[in-house]
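Peer 1:
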Amino acid sequence: VHVGTNNASLDSVEVILQKYRSLANTILLYNPDASIIFSSIVPRGFNLFQEDYRKTAFHLKDLNKKIVEINDALKKLCFDQEAFFFCSSNTSWDGYLGRDGLHPNKRGNAFLANCFRRSFKSCISTGKKVGRVTATKRAGTPTNGSYKDFLATLKGEGFG
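Here my numbering is used: position 141 in the sequence shown is 421, and no number is missing along the way.
1) Can you tell me whether DSSP reads PHE326 as helix, strand or coil?
2) Helix, strand or coil, according to DSSP, for ILE296 in the structure here?
3) Would you call the segment 316 to 335 and the segment 371 to 391 touching, i.e. three or more CB-CB distances under 8 angstroms?
4) What residues match up with ILE317 in a beta bridge as DSSP calls it?
5) From THR371 to SER289, what does the alpha carbon distance come to, in whole angstroms?
6) Considering only DSSP beta bridges, list what LEU377 is partnered with.
7) Consult DSSP for THR306 and reduce its assignment to one of helix, strand or coil.
8) Out of LYS341, GLY388, CYS403 and PHE366, which one is the CA nearest neighbour of ASP352?
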């Protein structure tokens, strides 16, 4: 699972981690034998399409510091759970991001693919059995039923 940084500046680390747990619970609800690999969040760079992009340096520094905190918490969560593996792309992303400072460029995509490949091999070679994520299960989340029913439940709880 590879996600972006849309909520990184808005939500606390704890809220973001709970969203990861919720996502994992949903995956495991419908795929109980799945192994879940969470990828670390890629830091942001300057958006070269933005005029006076260097004025955002302070915000960018704070955002990337928070991304490190999120990745550290996610890594700990993954090591604490048998259901998770962690794919760390813990490196400098200089030269790996596109001109928007957000999306990987061709070189960055190749680097990310290599990271994923190593994680998949590690996941397969360990042969770990997947367990349920220890997160609070939302009341009303169906253990049986259709995906449509599940989405309706989420919508009723303000998630859609």
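The beta-carbon is built from N, C-alpha and C at its ideal position, and this holds for glycine as well. All of these numbers come straight from a predicted model, not from anything done at the bench.
Peer 2: Considering the structure as presented:
1) coil
2) helix
3) Because the criterion of three Cβ pairs below 8 angstroms is met, the segment 316 to 335 and the segment 371 to 391 touch.
4) DSSP lists PHE365 as the beta-bridge partner residues of ILE317.
5) 21 angstroms
6) PRO384
7) helix
8) Out of LYS341, GLY388, CYS403 and PHE366, PHE366 has the C-alpha closest to the C-alpha of ASP352.
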